[in-house]
Amino acid sequence: MLLTKMKPEFEISEAHERKETALDVKQLNIYYGNHRAVKDISFTIEKNAVTALIGPSGCGKSTFLRSINRMNDLIPGARSEGIILYEDVNLIEDNINVVALRKEIGMVFQRPNPFAKSIYNNITHALKFYGIRSKKKLDQIVEESLRKAALWEEVKDRLHDSALSLSGGQQQRLCIARTLAVNPKILLLDEPASALDPISTAKIEELIMELKKEYTIIIVTHSMQQASRISDKTAFFLSGELVEFDQTDKIFTNPSNQKTEEYISGRFG
Amino acid sequence: MNSRVANKIATGVFTAIAAIIIFVLVGLLSYILYRGFGKLTLDFLTSPSSDFQAGGGIGNQLFNSFYILLITMMIAVPLGLGGGIYMAEYAKPGKITDFIRSCIEVLASLPSIVIGMFGMLIFVNLTGWGYTIFSGALALTIFNLPVLVRVCEDAIRSVPRDQKEASLALGITHWHTIKTVLIPSAFPTILTGVILASGRVFGEAAALLFTAGLTTPRLDFSNWNPFDETSPLNIFRPAETLAVHIWKVNTQGLIPDVQEVADGSSAVLILSVLLFNLLARWIGSLVHKKLTAAK
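Protein chains in written order, with our numbering: chain A, 13 to 281; chain B, 1382 to 1676.
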């Protein structure tokens, strides 16, 4: 681990139920300039589970997601305060090695964004940066990650075609494969299926169910059905606040907060 | 006046403006080519120019033009690319960046004769080199740099943001992302810009009058040692380019066939510039296809 170690300022809460904790969020605030986009949220994210973040547009769920792997650093004026604890390291600290962090915590974006390179090179792009040169090793990782992303059978005969020749759904699975190739522990998915047709969406959801065996997955979604189908835990965000966080079944059948109920039953948002 | 009439008038006016532009271009091109085309023989293109007698060619001038262009681009492209990368990727919005941008704009609007005079003071007199290809190339670099910085900056900025995010999100450093994602994507646009800038440099005369000089020493085209006095590759020799040659024969030429030489040279110059433009489009689209569509 290249991340700078830092002692937590307080005891980590006793292991949440029997599940292990992947991320521990404490009093997290995120600002864009003077605007507070995420307000004092605290919750824990379990290992090898799917956590869905739901809420209306502008509620801060994507902002929160992007703060985990520090993609918000690219936005001028964005800053975070508080704690996101990952393996005893606070990811919000300035002295974090973000390059190493992003290797551990991968991200897939809303719009499929393969590089304008071949399918093969899309996957080897990061591997080459990490110094893997052996053709055999590269071939092996390409195949492995494409298999994990359920794309291998569709593209194995045209690995050297442009990634842009793939359909939107295939491109998105390629983006997932590309992220898996660097062997992350946590996957951040920012509305990964919102730009896709229903069949591609179903494939992505199937894939997420498969991937949670090995990875911790946090997914932002606008689709209630999607959240209820694939997630174990659901967090409901509203105007930057975490309104409710619970087992997905509970949120969708018997939410404890009035606002949550109104949102999931479609009365606003 | 109702809106339909206004619409018709607007359409008419803009069509007329377009027609004027095309008319000027076609008229200019066909006139120059008509006057000069008869001169375009292999002998004219390859033989050295003569000072007093008729029948001289433009061989040396043509070589000098391409050679100065090459040297200029070898200096200007790395600088322009570096500047463009800085402006697009590293410069933080603020007073300093605004100041740099104004500097680039002022530099871009300097008349080339002023750059020529400046070049003479610095690259010819101060350095003590005298009129040399290298001095000319440095003056042309100043002339050309703002455009190249702009082209490279715009090209890098126009790469979709999500490409950059994708690479950074994989745990790849900023510099490696610039090197392996942004520049390859921006390459076709950069290449087109460089070739178009080459056309401008190729036709430039004023910046070279006092830096690369108005004469060419006797060249020995069998001597390719760049450090030799008579070698065409020697960058510390004076070199009259094609554009400068046109100016010179027209203003102080003593040869009896001034008119023909000027016409022929102009035709060669304009054909070259035209060629640069066509090449820019062709190579640009070719590279674009190669990089994006693979097959």
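Idealized CB from N, CA, C, for every residue including glycine.
How about residue i: is its C-beta nearer than 8 Å to some C-beta of chain B?
i, result
"residue 88 (chain A)", "yes"
"residue 94 (chain A)", "no"
"residue 205 (chain A)", "no"
"residue 194 (chain A)", "yes"
"residue 9 (chain A)", "The structure shown does not extend to residue 9 (chain A), since chain A is modelled only from 13 to 281, so the question has no answer here."
"residue 180 (chain A)", "no"
"residue 143 (chain A)", "no"
"residue 111 (chain A)", "yes"
"residue 118 (chain A)", "yes"
"residue 168 (chain A)", "no"
"residue 268 (chain A)", "no"
"residue 265 (chain A)", "no"
"residue 190 (chain A)", "yes"
Can you grab the Cα-Cα spacing for the pair residue i / residue j, in whole Å?
i, j, result
"residue 129 (chain A)", "residue 1574 (chain B)", "23 Å"
"residue 271 (chain A)", "residue 68 (chain A)", "12 Å"
"residue 1630 (chain B)", "residue 1404 (chain B)", "29 Å"
"residue 1500 (chain B)", "residue 1399 (chain B)", "38 Å"
"residue 294 (chain A)", "residue 109 (chain A)", "The structure shown has nothing for residue 294 (chain A), since chain A only spans 13 to 281."
"residue 1661 (chain B)", "residue 1478 (chain B)", "30 Å"
"residue 1651 (chain B)", "residue 1420 (chain B)", "14 Å"
"residue 1549 (chain B)", "residue 1658 (chain B)", "36 Å"
"residue 1373 (chain B)", "residue 1597 (chain B)", "Lying outside 1382 to 1676, the shown extent of chain B, residue 1373 (chain B) is not represented and no answer is given."
"residue 1594 (chain B)", "residue 174 (chain A)", "50 Å"
"residue 114 (chain A)", "residue 212 (chain A)", "26 Å"
"residue 1394 (chain B)", "residue 1571 (chain B)", "34 Å"
"residue 198 (chain A)", "residue 224 (chain A)", "10 Å"
"residue 1640 (chain B)", "residue 1457 (chain B)", "35 Å"
"residue 166 (chain A)", "residue 144 (chain A)", "25 Å"
"residue 1423 (chain B)", "residue 1487 (chain B)", "42 Å"
"residue 1552 (chain B)", "residue 205 (chain A)", "23 Å"
"residue 267 (chain A)", "residue 236 (chain A)", "14 Å"
"residue 1511 (chain B)", "residue 118 (chain A)", "59 Å"
What are the partner residues of residue i, as DSSP defines its beta bridges?
i, result
"residue 119 (chain A)", "A:200"
"residue 265 (chain A)", "Residue 265 (chain A) is not bridged to any residue."
"residue 230 (chain A)", "A:63 and A:200"
"residue 248 (chain A)", "A:66 and A:256"
"residue 50 (chain A)", "A:42"
"residue 98 (chain A)", "A:101"
"residue 57 (chain A)", "A:35"
"residue 174 (chain A)", "A:130"
Between residue i and chain A, is any beta-carbon pair separated by less than 8 Å?
i, result
"residue 1553 (chain B)", "yes"
"residue 1549 (chain B)", "yes"
"residue 1566 (chain B)", "yes"
"residue 1474 (chain B)", "yes"
"residue 1543 (chain B)", "yes"
"residue 1534 (chain B)", "no"
"residue 1477 (chain B)", "no"
"residue 1546 (chain B)", "yes"
Taking CB distances under 8 Å as the criterion, tell me whether residue i reaches chain C.
i, result
"residue 1626 (chain B)", "Structure shown: chain C not included; protein chains present are A and B."
Are three or more beta carbon pairs between the segment 1575-1594 of chain B and the segment 1511-1519 of chain B nearer than 8 Å?
Flag = yes, the segment 1575-1594 of chain B and the segment 1511-1519 of chain B touch.
Evaluate contact between the segment 1559-1578 of chain B and the segment 1435-1442 of chain B, counting only Cβ atoms and requiring at least three cross-stretch pairs below 8 Å.
No: fewer than three Cβ pairs fall under 8 Å.
Of the residues that make up the segment 36-51 of chain A, which ones have a beta carbon closer than 7 Å to any beta carbon in chain B?
none
Indicate whether the contact test is met: 3 or more Cβ pairs, each with one atom in the segment 1458-1470 of chain B and one in the segment 1530-1543 of chain B, closer than 8 Å.
A contact exists between the segment 1458-1470 of chain B and the segment 1530-1543 of chain B.
Are three or more beta carbon pairs between the segment 191-198 of chain A and the segment 150-161 of chain A nearer than 8 Å?
Counting Cβ pairs under 8 Å, three or more are found: they touch.
With three or more beta-carbon pairs closer than 8 Å as the criterion, would you say the segment 1617-1636 of chain B touches the segment 1441-1460 of chain B?
yes
Which residues, in order along the segment 1559-1587 of chain B, keep a beta-carbon less than 9 Å from a beta-carbon of chain A?
1561, 1562, 1565 and 1566
Do three or more CB pairs link the segment 94-112 of chain A to the segment 148-155 of chain A at distances below 8 Å?
No, they do not touch.
Taking 8 Å as the threshold, find out whether the segment 56-76 of chain A comes into contact with the segment 33-42 of chain A through three or more Cβ pairs.
A contact exists between the segment 56-76 of chain A and the segment 33-42 of chain A.
With three or more beta-carbon pairs closer than 8 Å as the criterion, would you say the segment 1471-1487 of chain B touches the segment 1451-1462 of chain B?
The answer is no - the segment 1451-1462 of chain B does not touch the segment 1471-1487 of chain B, with fewer than three Cβ pairs under 8 Å.
Evaluate the contact criterion for the segment 115-124 of chain A versus the segment 1540-1548 of chain B: three or more CB pairs, one atom per stretch, below 8 Å.
Segment contact: the segment 115-124 of chain A against the segment 1540-1548 of chain B, three or more CB-CB distances shorter than 8 Å; contact assigned.
Should the segment 44-52 of chain A be regarded as contacting the segment 71-80 of chain A, the criterion being three or more beta carbon pairs within less than 8 Å?
yes
Mind checking the segment 1449-1475 of chain B against chain A and listing, in chain order, the residues whose C-beta falls within less than 9 Å of any C-beta there?
1473 and 1474
Closer than 7 Å between beta carbons: that is the criterion. Which residues of the segment 122-138 of chain A meet it against chain B?
For the segment 122-138 of chain A, the set of positions with a beta-carbon nearer than 7 Å to some beta-carbon of chain B reads 123, 125, 127, 128, 130, 137 and 138 in chain order.
Counting only Cβ-Cβ distances shorter than 8 Å, please list the residues of the segment 52-86 of chain A near chain B, keeping chain order.
81, 83 and 86
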